[in-house]
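Presented below is the structure to which this report refers.
2 protein chains.
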Amino acid sequence: MSLALDPTAQDLLFREARTANTFTDEPVTDEQIEAIYDLVKYGPTSMNQSPLRVTLVRSPEARQRLVNLMSDGNKEKTGKAPLVAILSADNEFHEELPTLFPHFEGAKGMFDGMGREARERQAGLNAALQAAYFIVGVRAAGLAAGPMTGADLEGIRKEFLDDDHTPLMVVNIGKPGENAWFPRSPRLAYDEVVTTV
Amino acid sequence: MSLALDPTAQDLLFREARTANTFTDEPVTDEQIEAIYDLVKYGPTSMNQSPLRVTLVRSPEARQRLVNLMSDGNKEKTGKAPLVAILSADNEFHEELPTLFPHFEGAKGMFDGMGREARERQAGLNAALQAAYFIVGVRAAGLAAGPMTGADLEGIRKEFLDDDHTPLMVVNIGKPGENAWFPRSPRLAYDEVVTTV
């Protein structure tokens, strides 16, 4: 059974793509991130909520503040990666729905009425979908992603975001360096994941 | 700025791919779903948690039970799609970590100690990442996905899953039929999503 996606693209995005732990010094430009966003913004979310927000940590001072909030095992690579991005969910995403979902006038009001906790769940799910599209997009740009949840996420919220934004993960981005990968860990077999009713 | 991913693949996965609302009668086979899984299983999750589980709803009797639990606007298409999948998060994913993350012996025990609520958060985030990889994989197979959260998800849990599994979404899968798409909704501009510090 062959896929419609050509094997080179399969390798680039999934089969040979790996979470990188070291990077070369080659910079990652804003133009590259813009090209990635311009591709992955089309990935679907519930009612086009599009709650993902991206904070590029570029200044050495901000980078150091972020490194201080990473788990010990993630500090060194986060300090050395050419670019580091904080991916977060905008819990007030519904403010944008008059633009994002124009054919349903009641969308913003519906989420207003739902209350913040329900919106946080919606934003969390849909921003996670978009985080995955973003990781795929980084790979589509010929770069390696190093997504990490090992961090003081509440500290990252206080240091870099605000109460309306919930950080999901931190992603190192760049060309893979020497010994960039651990050995690939096993995956579950099809029958362990997929059942039929 | 051009991406490493060729334009045909960009179109297939993101630019021309759309959430389908109608489908042809062409069946979607288990072999196709297996090929999709065999690609997207490589998408990264935290500590290789891999909590996504997929329930293929194939029997007419099960399909009817699922349709009954969908929001009104999703009933007809869920009834007619060639294949419908329930995507869920396994909150006891850590039982598999001795296989999935073999180089860290303490992984299962760490998540045992965390308690169920913390595991549910981990499973929710990582299964959502994998749900996005799955949607990309459906498109990689030359099929259209119709992901939906408009459903009685708690009812779906009771009817099709168990307490250890939290449903995230239902996905219609097939070749797009007539008038399959709504007009594409707008996306946020780069500057509305990405900030730099």
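Chains as they are written, first to last, in our numbering: chain F, 1 to 197; chain C, 1001 to 1197. In this text, a Cβ means the ideal position worked out from N, Cα and C, and glycines have one as well.
Give me the Cα-Cα distance between PRO1060/C and ALA1131/C, rounded to the nearest whole angstrom. Your numbering for residue 1060/C matches position 60 in the second sequence. Your numbering for residue 1131/C matches position 131 in the second sequence. Between PRO1060/C and ALA1131/C, the C-alpha separation is close to 24 Å.
- Task: Report yes or no: is there a C-beta of chain C within less than 9 Å of the C-beta of ASP30/F?
- Result: By one-based count along the first sequence, residue 30/F stands at place 30. Residue-level contact by beta carbon holds for ASP30/F and chain C, with a gap shorter than 9 Å.
In chain F, which residues lie less than 7 Å from PRO1147/C when you measure between Cβ atoms? By 1-based counting over the second sequence, the position of residue 1147/C is 147. Within 7 Å Cβ-Cβ: PRO44.
Q) Ends of the alpha helix (DSSP H) at ASP1112/C? A) Taking the first residue of the second sequence as position 1, residue 1112/C is located at position 112. Element bounds for ASP1112/C: 1107-1114.
Cross-strand partners of ARG1053/C (DSSP beta bridge): To locate residue 1053/C, count along the second sequence from 1; it is residue 53. ARG1053/C pairs with SER1088/C.
* Counting pairs of beta carbons, one from the region 21-35 of chain F and one from the region 169-182 of chain F, are three or more of them closer than 8 Å? -> Short answer: they touch.
Margin query: Tell me the rounded alpha-carbon separation between ALA123/F and GLN49/F.
Written below: Along the first sequence, read from residue 1 onward, the residue named residue 123/F stands at position 123. Along the first sequence, read from residue 1 onward, the residue named residue 49/F stands at position 49. Between the alpha carbons of ALA123/F and GLN49/F lies a distance of about 8 Å.
What residues from chain F crowd round LYS1041/C, counting only those whose CB sits closer than 8 Å? Along the second sequence, one-based indexing puts residue 1041/C at 41. Under a criterion of Cβ atoms nearer than 8 Å, the residues of chain F adjacent to LYS1041/C are, in order, ARG187, LEU188, VAL193.
### Query
Between which two residues does the beta strand (DSSP E) harbouring GLY174/F extend?
Against the first sequence, residue 174/F aligns to sequence position 174. Its beta strand (DSSP E) spans residues 165-174.
* Could you spell out the range, first to last residue, of the beta strand (DSSP E) harbouring THR1078/C? => The residue labelled residue 1078/C in the question sits at position 78 within the second sequence. Here THR1078/C belongs to no beta strand (DSSP E); instead the alpha helix (DSSP H) covers 1072-1080.
Check: Per DSSP, which one or two residues make a beta bridge with GLU1148/C?
Finding: Counting from 1 along the second sequence, the entry for residue 1148/C is found at position 148. The question names Glu, yet the displayed sequence has Met at residue 1148/C. The partner list for MET1148/C (beta bridge, DSSP) reads VAL1170/C.
**Asked** Would you say GLY1043/C and LEU1143/C are within 9 Å of each other, going by their C-beta atoms?
**Response** Position 43 of the second sequence, counted from the start, is the residue given in the question as residue 1043/C. Position 143 of the second sequence, counted from the start, is the residue given in the question as residue 1143/C. The answer is no: Cβ separation not under 9 Å.
message = Below 9 Å on C-beta distance, what does GLY1174/C contact in chain F?
response = Translated into the one-based positions of the second sequence, residue 1174/C becomes position 174. Listed along the chain, the chain F residues whose CB falls inside 9 Å of the CB of GLY1174/C amount to none; the nearest CB is some 14 Å away.
Q) Nearest-angstrom Cα distance between GLY1113/C and PRO7/F? A) As a first step, residue 1113/C must be located in the second sequence, where it is residue number 113. As a first step, residue 7/F must be located in the first sequence, where it is residue number 7. Cα to Cα, GLY1113/C sits roughly 42 Å from PRO7/F.
Please state whether the Cβ-Cβ distance between MET1047/C and ALA1009/C is less than 9 Å. Start at 1 with the first residue of the second sequence, and residue 1047/C comes out as number 47. Start at 1 with the first residue of the second sequence, and residue 1009/C comes out as number 9. By the CB criterion at 9 Å, MET1047/C and ALA1009/C fall outside the cutoff.
* Asked: Shorter than 9 Å from the beta carbon of ASP1006/C to some beta carbon of chain F?
  -> Indexing the second sequence from 1 puts residue 1006/C at position 6. Cβ-Cβ to chain F under 9 Å: yes for ASP1006/C.
* Asked: Around the Cβ of PHE14/F, are there at least 16 other Cβ atoms within 10 angstroms (buried) or fewer (exposed)?
  -> Numbered from 1 along the first sequence, position 14 holds the residue referred to as residue 14/F. Classified as buried, PHE14/F has 16 or more neighbouring CB atoms from the shown chains inside 10 Å of its CB.
Next item on the list: Give the interface partners of ASN1048/C over in chain F, defined as CB-CB distance under 7 Å, in chain order.
Entry: Start at 1 with the first residue of the second sequence, and residue 1048/C comes out as number 48. The CB of ASN1048/C comes closer than 7 Å to the CB of SER185 in chain F, given here in chain order.
Does DSSP classify VAL1028/C as helix, strand or coil?
-> For the purposes of this step, residue 1028/C is identified with residue 28 of the second sequence, where counting begins at 1. Of the three classes helix, strand and coil, the one that applies to VAL1028/C here is coil, per DSSP.
- prompt: So, THR166/F versus ASN68/F, is the Cβ gap smaller than 9 Å?
  reply: Reading the first sequence from its first residue, position 166 is the one you call residue 166/F. Reading the first sequence from its first residue, position 68 is the one you call residue 68/F. The Cβ atoms of THR166/F and ASN68/F do not sit closer than 9 Å to each other.
Compute the Euclidean distance between the alpha carbons of VAL136/F and LYS1041/C, then round it to the nearest angstrom. The residue given as residue 136/F occupies position 136 in the first sequence. The residue given as residue 1041/C occupies position 41 in the second sequence. Cα to Cα, VAL136/F sits roughly 13 Å from LYS1041/C.
Measuring only the C-alpha atoms, how far is HIS94/F from PHE111/F? Taking the first residue of the first sequence as 1, we reach residue 94/F at position 94. Taking the first residue of the first sequence as 1, we reach residue 111/F at position 111. If you take the alpha carbons of HIS94/F and PHE111/F, they lie about 6 Å apart.
Which residues of chain F have a Cβ atom closer than 7 Å to the Cβ of ALA1141/C, listed in chain order?
Locating residue 1141/C in the second sequence gives position 141, counting from the first residue. Simply LEU3, ALA4.
**Asked** So which residues of chain F does GLN1010/C contact, with C-beta pairs closer than 8 Å?
**Response** Start at 1 with the first residue of the second sequence, and residue 1010/C comes out as number 10. The contacting residues are LEU39, ALA140.
Hey, PRO51/F and ALA127/F: beta-carbon distance below 9 Å or not?
-> Your numbering for residue 51/F matches position 51 in the first sequence. Your numbering for residue 127/F matches position 127 in the first sequence. For the pair PRO51/F and ALA127/F, the CB atoms are nearer than the 9 Å cut-off.
Q) Any idea which residues DSSP pairs VAL1194/C with across the strands? A) Translated into positions along the second sequence, residue 1194/C becomes position 194. Checking the DSSP bridge columns, you'll see VAL1194/C partnered with VAL54/F.
Original post:
For THR29/F, does the count of other Cβ atoms within 10 angstroms reach 16, so buried, or fall short, so exposed?
Top reply: Within the first sequence, residue 29/F is the residue found at index 29, counting from 1. By the neighbour-count rule (16 or more Cβ atoms within 10 Å), THR29/F is not buried but exposed.
ask   = Three or more C-beta pairs closer than 8 Å, one from the region 69-78 of chain F and one from the region 152-161 of chain F: is that the case here?
value = Contact holds: three or more Cβ-Cβ distances are below 8 Å.
Practice problem: Using a Cβ-Cβ cut-off of less than 9 Å, list which residues of the region 1112-1133 of chain C approach chain D; keep chain order. | Solution: Of the protein chains in this structure, namely F and C, none is chain D.
task: Run the CB neighbour count on GLU1076/C, radius 10 Å, all protein chains shown included, and call it buried at 16 or more, exposed below.
output: One-based indexing of the second sequence puts residue 1076/C at position 76. GLU1076/C sits exposed, since fewer than 16 C-beta atoms from the chains shown fall within 10 Å of its C-beta.
(request) Compare the C-beta of LEU1013/C with all C-beta atoms of chain F and state if any pair is closer than 9 Å. (result) Taking the first residue of the second sequence as 1, we reach residue 1013/C at position 13. Closer than 9 Å: yes.
### Message
What are the residues in the region 1077-1104 of chain C lying within 8 Å of chain F by C-beta distance?
### Response
Listed in sequence order: GLU1096, THR1099, LEU1100, PHE1101, PRO1102, HIS1103.
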